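Peer 1:
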Amino acid sequence: WGGSSCLSMEAQCEEITDENLCLMSKKFYKLDCLGWSGSTCMSRDFGRCADITREGFCQNSKMMYGLDCRGWTGSSCLGLEDNTSDFCTQITEKSWCSKASTKFGLECRGWGGTACMGNASTAEEITTKHLCENSLSFFGIKSLGWGGSQCLPVENATCSMLTQKHICDHAESELGLQCFGWSGTECLGSELMANLITDPEICRHANRRFKVKNVMGWGGSSCITNETMNCSLITAKHVCENSQQLGMTCAGWGGSSCL
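Written out as structure tokens, the structure is:
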């Protein structure tokens with residue numbers, strides 16, 4: 135038994151899923167494993183720093199596994215071979231990002247809000263408004279502006295990247311993006327998909343607000359359009375019982391949707 139399944143005679147260390155069984159692998163299975171990484175059992179031939187998933191194990195990698203590792207980034211263990219700025223994004227501790235050069239030997243652009251920025255990092259990786267508004271001076275990265283939860287790239291920003299209503303409502307004047315408007319949960323793009331509208335009040339006024347004619351009405355959890363006139367999309371009993379108001383003839387309420 136390997137922890138979650140029965141091991142074959144050809145089984146490898148990586149198939150052992152229990153820490154204690156991994157540590158006793160030589161006695162139990164006659165497998166010479168490197169040790170427990172924190173989540174997997176590492177083989178002596180293929181064990182890498184990147185396999186280590188616990189900070190303490192990473193910091194003591196030389197003693198525990200005989201592996202020379204750069205150190206723990208906050209989310210992963212870096213090996214000596216992990217020496218390009220691409221690995222900056224694995225640094226998720228702000229204080230370590232500012233010391234990336236001395237601590238990990240990595241040249242990083244700086245802290246992006248949730249992780250360190252590397253040379254290849256893009257605007258979307260900036261997750262703090264203040265940093266986004268100063269992206270060019272801080273990181274040398276051009277951005278369109280703040281989208282609500284991330285910075286918007288200049289080249290391919292979309293309405294769906296806007297995660298706050300007031301930003302969506304002023305998308306054209308402030309960001310130069312032509313969006314239909316806020317659906318209740320997301321910002322709708324230039325081609326209105328009314329079934330994405332999840333707010334009944336927005337749905338009721340959708341034809342006037344978005345200057346379209348295909349919205350039939352509220353279905354209980356989303357808007358019904360003349361392209362999506364399907365009784366099963368009606369999820370409210372009272373709407374189902376009055377489905378003719380949506381231009382539909384339904385059999386009746388089925389318990390969770392209209393039939």
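Mapping the sequence shown onto our numbering, position 86 (from 1) lands on 220, and the numbers just tick up by one.
No residue lacks a Cβ here, since even glycine has one placed at the ideal position from N, Cα and C.
Every value quoted in this text rests on a predicted model; they were computed, and no experiment measured them.
Identify every run of the alpha helix (DSSP H) within the stretch 235-285, keeping only runs that are complete inside it and at least 4 residues long; order them along the chain.
Peer 2: 263-267 and 269-273
Peer 1: Between the beta-carbon of cysteine 321 and the beta-carbon of serine 356, is there less than 8 angstroms?
Peer 2: no
Peer 1: What is the DSSP secondary structure of leucine 367, counted as helix, strand or coil?
Peer 2: helix
Peer 1: For the alpha helix (DSSP H) that methionine 176 lies in, which residues bound it at each end?
Peer 2: It is not in any alpha helix (DSSP H) - methionine 176 instead sits in the beta strand (DSSP E) that spans 175-177.
Peer 1: The beta strand (DSSP E) that contains tryptophan 135, what's its start and end?
Peer 2: Taken as a continuous stretch (DSSP letters only), tryptophan 135 belongs to no beta strand (DSSP E), as it is neither H nor E.
Peer 1: Alanine 257 and serine 277 - do their beta-carbons sit closer together than 8 angstroms?
Peer 2: yes
Peer 1: Determine the extent of the alpha helix (DSSP H) in which tryptophan 230 is found, giving its start and end residues.
Peer 2: 228-231
Peer 1: Between which residues of its own chain and serine 391 is the CB-CB distance below 6 angstroms, once the five residues before and five after are set aside?
Peer 2: Ser366 and Thr369
Peer 1: Span of the beta strand (DSSP E) holding leucine 157?
Peer 2: Unbroken run through leucine 157 is the alpha helix (DSSP H), 153-157; no beta strand (DSSP E).
Peer 1: Tell me which residues share the same chain as tryptophan 280 and place their Cβ nearer than 8 angstroms to its Cβ, disregarding the 5 neighbours each side in the sequence.
Peer 2: Lys263, Cys266, Glu267, Leu286 and Ile301
Peer 1: Tell whether a beta-carbon distance below 8 angstroms holds between cysteine 211 and serine 195.
Peer 2: Yes. Within cutoff.
Peer 1: How should threonine 218 be labelled, buried or exposed, when 16 other C-beta atoms within 10 angstroms of its C-beta is the threshold for buried?
Peer 2: exposed
Peer 1: List the residues that DSSP assigns as beta-bridge partners of valine 349.
Peer 2: Thr359
Peer 1: Measure the alpha-carbon distance for glycine 354 versus asparagine 360 and round it to whole angstroms.
Peer 2: 16 angstroms
Peer 1: Return the Cβ separation of threonine 261 and tryptophan 230 in integer angstroms, given the expectation that the two are a contact with Cβ distance under 8 angstroms.
Peer 2: That pair is no contact at about 17 angstroms.
Peer 1: If you compare alpha carbons, which of Gly181, Gly252, Arg188 and Cys147 is closest to glycine 200?
Peer 2: Gly181
Peer 1: Note down, in chain order, each residue of its chain lying with its Cβ closer than 7 angstroms to the Cβ of glycine 247, except the 5 sequence neighbours on either side.
Peer 2: The answer, listed in chain order, is Ile260, Thr261, Thr262 and Leu265.
Peer 1: Go through its chain and collect everything with a Cβ distance to arginine 188's Cβ below 7 angstroms, but skip five positions before and after it.
Peer 2: Gly172
Peer 1: Arginine 204 by DSSP, collapsed to three states: which one?
Peer 2: strand
Peer 1: Assign threonine 223 to one of two classes, buried (16 or more other C-beta atoms within 10 Å of its C-beta) or exposed (fewer than that).
Peer 2: The residue is buried, with at least 16 neighbouring Cβ atoms inside 10 Å.
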